[in-house]
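In my numbering, the protein residues as written are 12 to 261. Just so you know, even glycine gets a beta-carbon here, dropped at the ideal spot from N, CA and C.
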């Protein structure tokens, strides 16, 4: 790796945090997707591919720079940046729009939608990243490419978005404190028709926000339905979130 940096940019490349390295044969199956993204076919909420560099020892994909880092870092870092409910609702709605756009326009699944793969640009505009590669490529113990088939569907992304929504309103990671499951905590509360007040982030758990938070939990629970066929499409999730946003803005 040291030799690679010296031949391809030296200290400058070492300062870049978002480099992922693949073999050429790993990249070929996803070049079609890369071409689509490079031509700007995706919407505002998808991180844009600047280019594919295959003419170096180790091929690279170069994406646009997203200044504020990942949603995971914003939610879970010790600094705990203030995030009001309006901003969280907007991040949720626009992330859902990005996934819906991928599903409907480009017919591409993400396969690993989570706060770490949602980057925040200027004005906290969410940008979905790490799609395609994580879905198509897995490396076994011998570092040979294997292709994942028959596992992921659009409804897999819907489930993952439900988890993201719970992380947004609770500010807890999906698994926290001695393997405590965020999803199971919310599902258990839902089963006994108990409000999830104690699970909400205290910074947004004001009485005036409770009705909206309950609606958001309802959307998340629908996304997490174990019956795949009963989960909504991402387009339906977008509609529900936008309606909530409109009513909340009034």
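Here residue 138 is bridged, per DSSP, to 130. Secondary structure of residue 169 (DSSP, three-state): helix. Of the residues 176, 122, 135, the one whose Cα lies closest to the Cα of residue 166 is 122. In the three-state reduction of the DSSP assignment, residue 73 falls in the strand class. Here residue 60 is buried. Its C-beta has 16 or more other C-beta atoms within 10 Å. Note on residue 102: 16 or more other CB atoms within 10 angstroms of its CB, so buried under the neighbour-count rule.
In the three-state reduction of the DSSP assignment, residue 98 falls in the helix class. By the Cβ neighbour-count rule, residue 204 is exposed, with fewer than 16 other Cβ atoms within 10 Å of its own. Rounded to whole angstroms, the gap between the alpha carbons of residue 124 and residue 138 is 11 Å.
A straight-line Cα-Cα distance of about 9 Å links residue 245 and residue 115.
The beta carbons of residue 104 and residue 224 sit no closer together than 8 Å. Straight-line spacing of the CA atoms in residue 97 and residue 256 works out to 8 Å. Beta-bridge partners of residue 54 (DSSP): none assigned.
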